[in-house]
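Worksheet: one structure, shown below.
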Amino acid sequence: MEELAMLGGARTVPRDRRIPKWPLVTADDEEAVRRVLASGRFTAASSGEKEIEGLEREWARETGTRHCVAVSNGTTALSVALAAAGVGPGDEVIVPALSFVASAIAPLHVFAVPVFADIDPVTFNVDPAAVEAAVTPRTRAVMVVHLHGLPADLTELLNVADRHGLTVIEDAAQAHGAHYHDRPVGSFGAINTFSLNVSKNLATCGEGGLVTTDDADLYRRATMMRQFGELIPRRGPRSYVSHLLGWNHKPNAIQCAFTRSRLTRFAEESEARDRNVRHFLGRLAELPWLKVPTAPDDRTHVWHILRLRVDPEPFGLGPEAAGPLRAVVMRALRAEGVPATHYQLMPLPAQRLFQSPLPGVDRKYRGEDHPNTLRVIDDSFTIQKAHLHPDARPLLDLYADAAAKLWEHRDVIAAEATALDYTPPWREAEQIADAEWAG
Ligand SMILES: *Cc1c(COP(=O)(O)O)cnc(C)c1O
Numbered sequence: 069m070e071e072l073a074m075l076g077g078a079r080t081v082p083r084d085r086r087i088p089k090w091p092l093v094t095a096d097d098e099e100a101v102r103r104v105l106a107s108g109r110f111t112a113a114s115s116g117e118k119e120i121e122g123l124e125r126e127w128a129r130e131t132g133t134r135h136c137v138a139v140s141n142g143t144t145a146l147s148v149a150l151a152a153a154g155v156g157p158g159d160e161v162i163v164p165a166l167s168f169v170a171s172a173i174a175p176l177h178v179f180a181v182p183v184f185a186d187i188d189p190v191t192f193n194v195d196p197a198a199v200e201a202a203v204t205p206r207t208r209a210v211m212v213v214h215l216h217g218l219p220a221d222l223t224e225l226l227n228v229a230d231r232h233g234l235t236v237i238e239d240a241a242q243a244h245g246a247h248y249h250d251r252p253v254g255s256f257g258a259i260n261t262f263s264l265n266v267s268k269n270l271a272t273c274g275e276g277g278l279v280t281t282d283d284a285d286l287y288r289r290a291t292m293m294r295q296f297g298e299l300i301p302r303r304g305p306r307s308y309v310s311h312l313l314g315w316n317h318k319p320n321a322i323q324c325a326f327t328r329s330r331l332t333r334f335a336e337e338s339e340a341r342d343r344n345v346r347h348f349l350g351r352l353a354e355l356p357w358l359k360v361p362t363a364p365d366d367r368t369h370v371w372h373i374l375r376l377r378v379d380p381e382p383f384g385l386g387p388e389a390a391g392p393l394r395a396v397v398m399r400a401l402r403a404e405g406v407p408a409t410h411y412q413l414m415p416l417p418a419q420r421l422f423q424s425p426l427p428g429v430d431r432k433y434r435g436e437d438h439p440n441t442l443r444v445i446d447d448s449f450t451i452q453k454a455h456l457h458p459d460a461r462p463l464l465d466l467y468a469d470a471a472a473k474l475w476e477h478r479d480v481i482a483a484e485a486t487a488l489d490y491t492p493p494w495r496e497a498e499q500i501a502d503a504e505w506a507g
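Going by my numbering, the final residue of the sequence shown carries number 507, and the count climbs one at a time with no gaps.
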């Protein structure tokens with residue numbers, strides 16, 4: 069039996085084995101970018117510009133919505149959506165305690181107050197009961213994040229929103245193409261957002277974002293929010309009249325052209341990823357100590373991030389060993405060449421940002437209020453990016469081999485976990501934060 073790499077044995081994933089590049093760039097994608105450079109039309113305000121408009125039309129079709137507005141990134145997409153929906157100073161917006169920080173920053177950018185709700189530990193998405201419990205007379209909107217590519221419980225969440233008269237905004241930055249009850253995400257909320265960041269499933273060659281809605285008025289307000297509150301005509305002269313407080317969140321035509329080119333292969337690549345990831349997760353599921361992500365029958369998972377939880381029981385360890393075991397597993401996998409990472413070291417409300425004074429916010433944010441989020445952060449790790457490329461299967465097979473190797477050495481892994489002087493990720497993060505801040 070080969071020794072664990074962390075104890076000096078040979079690595080499962082050879083050192084020169086590279087993660088396939090993401091985003092994938094084909095000759096067609098390069099040609100699309102060159103066409104824009106040759107056209108000289110680079111922004112939404114360039115007369116005769118076609119790529120931004122084209123991407124908006126195609127993404128509206130893809131999501132089954134009437135309107136789409138392209139913007140500069142996924143975070144500005146959220147601010148634009150919130151502002152278009154009229155969310156403003158003093159309004160409370162319910163946000164999942166586990167998400168990317170942008171989900172919680174966007175409400176602050178419109179001087180609204182994020183209020184956090186705990187997640188379901190199986191789907192990692194916000195728990196509808198926790199959302200309902202967080203509603204107050206000041207609640208205005210619910211930001212529904214489809215975390216890691218799995219649609220949230222939309223039926224229940226839309227019901228909660230309905231009962232309390234709340235606006236639903238989907239943050240689908242991680243879930244392009246995912247379906248709930250046979251309908252694409254980004255078509256359920258009043259106004260919804262996507263990111264085109266290089267790390268996402270539909271990636272551009274830089275930064276970009278998309279806002280979708282069926283509502284003509286929200287659409288018009290969203291276009292104004294992205295360009296100084298102006299109503300810039302598609303063709304003809306600009307009036308320079310600012311009607312509303314907007315930003316400059318306009319997209320770039322090169323990035324829109326690149327995304328349009330990527331979009332022609334999006335379905336095919338998503339299917340390849342789905343096959344590869346199911347194969348990989350099927351292999352991992354044979355190991356009794358790994359809990360792999362699954363999709364309920366009524367929705368599809370687009371596998372943006374793979375979050376794997378460890379179960380201490382098959383190692384003969386008690387539930388209190390979950391965190392230490394996860395830490396040892398991550399160390400052992402990384403030594404084998406598997407890029408096991410954290411995704412979020414703490415619940416969003418525990419971020420330093422939310423521990424500092426914020427405009428218009430007079431509430432105390434506490435990570436401890438979200439025990440499911442803490443538990444999941446403690447006992448899970450993620451695989452990111454390595455599985456996105458359609459040719460990722462051989463690499464994923466090596467990752468599965470590495471996980472199987474750890475199980476062969478379960479006595480060593482269990483002993484290391486028992487002996488570990490353990491610091492949970494949120495405490496580690498505090499130490500990192502102190503050190504970074506001090507410079
Ligand atoms: C990436 C991401 C965003 C922000 O998108 P950017 O394009 O990086 O600004 C927002 N929400 C979630 C859930 C994300 O994963």
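Using N, Cα and C, we set each Cβ at its ideal position, and we do this for glycine too.
Cβ-based neighbour list, residue i, same chain, cut-off 6 Å, excluding 5 preceding and 5 following
i	result
P219	A246, Y248, V253 and R367
V183	E160, I162 and A202
R289	A152
H177	S147
D221	P196
G132	P252 and S255
R79	A73, E404 and G405
Assumed close pair residue i, residue j - CB separation to whole angstroms, cut-off 8 Å
i	j	result
A271	R103	Not confirmed; about 19 Å, so no contact.
Q295	N320	With a Cβ gap of about 13 Å, Q295 and N320 do not count as contacting.
T327	L123	6 Å
H410	K268	About 19 Å; that fails the 8 Å criterion.
P91	R330	7 Å
A243	N344	In fact, because the Cβ distance is near 18 Å, the residues do not count as touching under 8 Å.
V199	L225	6 Å
N552	S263	Past the boundaries of the shown model lies residue 552; the chain is included only from 69 to 507, so the question cannot be answered.
W127	L278	5 Å
A180	H438	With a Cβ gap of about 20 Å, A180 and H438 do not count as contacting.
P407	A454	6 Å
N260	A240	6 Å
L282	R134	The identity of residue 282 in the sequence shown is Asp, whereas the question assumes Leu. Confirmed, Cβ separation roughly 5 Å.
Contact set for residue i: own chain, Cβ-Cβ below 7 Å, skip 5 residues either direction
i	result
A400	L72, M74, L474 and I481
P509	Residue numbering for the chain in the displayed model covers 69 to 507; residue 509 lies beyond these limits and cannot be assessed.
V370	G217, A243, H244, G245, A246, N269 and S338
E476	M69
G77	E70 and E71
N- and C-terminal bounds of the beta strand (DSSP E) containing residue i
i	result
E337	Not the beta strand (DSSP E): E337 falls in the alpha helix (DSSP H), residues F334 to A353.
C509	Outside the modelled stretch of the chain, which goes from 69 to 507, sits residue 509, for which no answer is possible.
L278	G277 to T281
V204	Before going on, a small fix: residue 204 reads as Thr here, not Val. Segment: none, T204 is in no beta strand (DSSP E) and carries neither H nor E.
V183	V181 to A185
D239	T235 to D239
S263	I259 to S263
V429	Where V429 is concerned, there is no enclosing beta strand (DSSP E), given that its DSSP letter is neither H nor E.
E496	Not the beta strand (DSSP E): E496 falls in the alpha helix (DSSP H), residues P493 to A506.
I373	I373 to V378
I87	Note, I87: premise wrong, no beta strand (DSSP E); not H, not E.
E160	E160 to P164
Cβ shell of residue i (< 8 Å), same chain only, five flanking positions each side left out
i	result
A501	R420
W494	L413, M414, P415, A418, G435, L442 and I445
R302	E121
P382	P356, W357 and R478
G314	A151, M292, M293, R294, Q295, F296, G297 and E298
Alpha helix (DSSP H) segment containing residue i, residue limits
i	result
G142	G142 to A152
P301	No alpha helix (DSSP H) holds P301; DSSP gives it neither H nor E.
V444	P439 to D447
S171	A170 to H177
P392	A390 to E404
R306	Segment: none, R306 is in no alpha helix (DSSP H) and carries neither H nor E.
T511	Absent from the structure is residue 511, since the part of the chain shown begins at 69 and ends at 507.
F326	A321 to L331
F422	R420 to Q423
E484	R478 to A487
V228	L222 to H232
W127	E119 to T131
T94	Where T94 is concerned, there is no enclosing alpha helix (DSSP H), given that its DSSP letter is neither H nor E.
L313	Looking at the DSSP string, L313 is not in any alpha helix (DSSP H), and its letter there is neither H nor E.
Original post:
So does the segment 447–464 actually touch the segment 390–398, counting three or more Cβ pairs closer than 8 Å?
Top reply: Three or more pairs of CB atoms, one per stretch, sit closer than 8 Å, so the segment 447–464 contacts the segment 390–398.
**OP:** Check whether the segment 360–379 touches the segment 111–127, taking contact to mean three or more Cβ pairs, one atom from each stretch, closer than 8 Å.
**Re:** no
**OP:** Kindly confirm or deny that the segment 198–210 and the segment 155–170 touch, where touching means at least three C-beta pairs closer than 8 Å.
**Re:** yes
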